[in-house]
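**Q** So that we are looking at the same thing, I have put the structure below in C-alpha cells.
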Amino acid sequence: MKDKHKISVFGTGFVGLVTAAVFADKGWRVIAVDIDKEKVEKVNNGEPFFYEPNLESLLKRAVFEQKTLTATTKQQESVLETSMTFICVGTPTRKDGSCNLDFVRAVTQTIGKALAKKKDYHLVVVKSTVVPETTRKVVLPLLEKTSGKKVGKDFGLCMNPEFLREGQSIHDTIFPDRIIVGEIDERSGETLANLYAQLYDEKSDAFNSFWSQIYGKKPQKPPIKRYSLETAELIKYANNCFLATKISFVNELANICEQTPGADIKDIADAM
Numbered sequence: 383m384k385d386k387h388k389i390s391v392f393g394t395g396f397v398g399l400v401t402a403a404v405f406a407d408k409g410w411r412v413i414a415v416d417i418d419k420e421k422v423e424k425v426n427n428g429e430p431f432f433y434e435p436n437l438e439s440l441l442k443r444a445v446f447e448q449k450t451l452t453a454t455t456k457q458q459e460s461v462l463e464t465s466m467t468f469i470c471v472g473t474p475t476r477k478d479g480s481c482n483l484d485f486v487r488a489v490t491q492t493i494g495k496a497l498a499k500k501k502d503y504h505l506v507v508v509k510s511t512v513v514p515e516t517t518r519k520v521v522l523p524l525l526e527k528t529s530g531k532k533v534g535k536d537f538g539l540c541m542n543p544e545f546l547r548e549g550q551s552i553h554d555t556i557f558p559d560r561i562i563v564g565e566i567d568e569r570s571g572e573t574l575a576n577l578y579a580q581l582y583d584e585k586s587d588a589f590n591s592f593w594s595q596i597y598g599k600k601p602q603k604p605p606i607k608r609y610s611l612e613t614a615e616l617i618k619y620a621n622n623c624f625l626a627t628k629i630s631f632v633n634e635l636a637n638i639c640e641q642t643p644g645a646d647i648k649d650i651a652d653a654m
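For the record, in the sequence shown the residue sitting at position 136 is 518 according to my numbering, with numbers rising by one throughout.
Now the structure itself:
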C-alpha cells in the first residue's frame, strides 16, 4: 500500500472525528462519514461540535490548510473512493445492560453494499467498542452477505480498539502506549499494522514537528501488538475494568489513610 492512504471513517463522534483528523493531519486523504448533515457541515467548516483540547485547530489545519479532510453523508461513495474503512459509530448501552449494535449493523450493511461494487482489496476496521465475537459473528457475515465477496480474498477485516481519555484524546492518539490489532488473517493485520507504522514513523515531517511543539515531546512508534479478533475485543473491556478496579482500590486505600495518622495516599499512590 502506498504512503498516500485513502481512508473513510464512519462516525464523527468522540473517537471517529479525532481518528479522522489525526490521519488527515499526517497528509492522508480522509473522508469522515455521518448521516447527520449538521455535523458534516460543521466538520467541513473546521468546527468541532464537542470540546476537546487542540481539536479545533487540528480540524482547521486538516480541512483548510492541508485539504486532506472532508466530511460527507454519502456513505457508499466514501467506501468506493477509499481503500480502508474504520467503523467508529456508537454502541450505546440498553436498559438491560446489553450493547446496542444497531449502528454497527447499519453501517456494516452499507459498507458491504459498496464493497460489492469494488474490484480492489479493501480493509474494514472495527474501532467501535463491541462485545467479544461481534466482529467475527456479526460484522463479518453481514459484510460477506451484502457484498457477495469473501473475507481474506476480496476484503480484509480487523478489530482495532481505542483507549482514548476525554480531554486527552488528541494527545492519546498522537502518543499511544500501544496499538492493538485484532486480525481475521495475516494480510488484514499486516495492512493495518503498516498504516500505524507509517503514522508513527518518527520522520522529521510536518506532522511530527507540529506535535513536538504542541506537547514538548516527539511522537514515537509504539508497540504494535497483533492478536485474534476476539482477543482484541476483550482487551478493550479488560482495560476498562482494570482502570475501574485501580480507582476503586486507591479509594479504599485513601479511606484507610484517613484512619491512619501520618499516612499520605498521594505518597502511597506515587510509590505504587
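Where is the CB? At the ideal position from N, CA and C, for every residue including glycine.
Once the 5 residues before and after residue 554 are set aside, which same chain residues still bring their CB inside 8 Å of it?
**A** For the purposes of this step, residue 554 is identified with residue 172 of the sequence shown, where counting begins at 1. So the list reads 545, 546 and 547, once near-sequence residues are dropped.
**Q** Which value, in whole angstroms, describes the spacing of the CA atoms of residue 391 and residue 454?
**A** One-based indexing of the sequence shown puts residue 391 at position 9. One-based indexing of the sequence shown puts residue 454 at position 72. C-alpha separation (whole angstroms): 10 Å.
**Q** What residue range is occupied by the uninterrupted alpha helix (DSSP H) comprising residue 553?
**A** As a working note, residue 553 is residue 171 in the sequence shown. Residue 553 -> alpha helix (DSSP H) spans 551 to 556.
**Q** By how many angstroms is the C-alpha of residue 428 removed from the C-alpha of residue 465?
**A** The count along the sequence shown starts at 1 and reaches residue 465 at position 83. The count along the sequence shown starts at 1 and reaches residue 428 at position 46. Distance between the alpha carbons of residue 465 and residue 428 is about 24 Å.
**Q** Using the rule of at least 16 other Cβ atoms within 10 Å of the residue's Cβ for burial, across every protein chain shown, is residue 625 buried or exposed?
**A** The residue you call residue 625 lines up with position 243 of the sequence shown. By the 10 Å Cβ count, residue 625 comes out exposed.
**Q** Please name the residue, chosen from 628, 510 and 613, that lies closest to residue 467 on a Cα-to-Cα basis.
**A** As a first step, residue 467 is located in the sequence shown; it is residue number 85 there, counting from the start. It is 510 whose Cα lies nearest to the Cα of residue 467.
**Q** State the Cα-Cα distance for the pair residue 407 and residue 489, rounded to the nearest angstrom.
**A** Residue 407 sits at position 25 when you count from the first residue of the sequence shown. Residue 489 sits at position 107 when you count from the first residue of the sequence shown. When rounded, the distance between both Cα atoms is 25 Å.
**Q** Applying the 10 Å Cβ sphere with the 16-neighbour rule, what's the burial state of residue 542?
**A** For the purposes of this step, residue 542 is taken as the residue at position 160 of the sequence shown. With 16 or more Cβ atoms within 10 Å of its Cβ, residue 542 is classed as buried.
**Q** Please classify residue 480: is it buried, with 16 or more other beta-carbons within 10 angstroms of its beta-carbon, or exposed?
**A** Counted from its first residue, the sequence shown places residue 480 at position 98. Residue 480 comes out exposed.
**Q** Can you tell me the Cβ-Cβ gap for residue 394 and residue 416, rounded? I've got them flagged as a contact below 8 Å.
**A** In the sequence shown, residue 394 corresponds to position 12, counting from 1. In the sequence shown, residue 416 corresponds to position 34, counting from 1. Contact holds; Cβ gap of about 4 Å.
**Q** Fully enclosed by the stretch 458 to 522, which alpha helix (DSSP H) runs are 4 residues long or longer?
**A** Listed in chain order, they are 484 to 497.
**Q** From the DSSP output, in three-state form, read off residue 383 for me.
**A** Residue mapping note: residue 383 aligns to position 1 of the sequence shown, counting from 1. The predicted position of residue 383 is uncertain, since its pLDDT is 39 and thus under 50; no value can be drawn from it.
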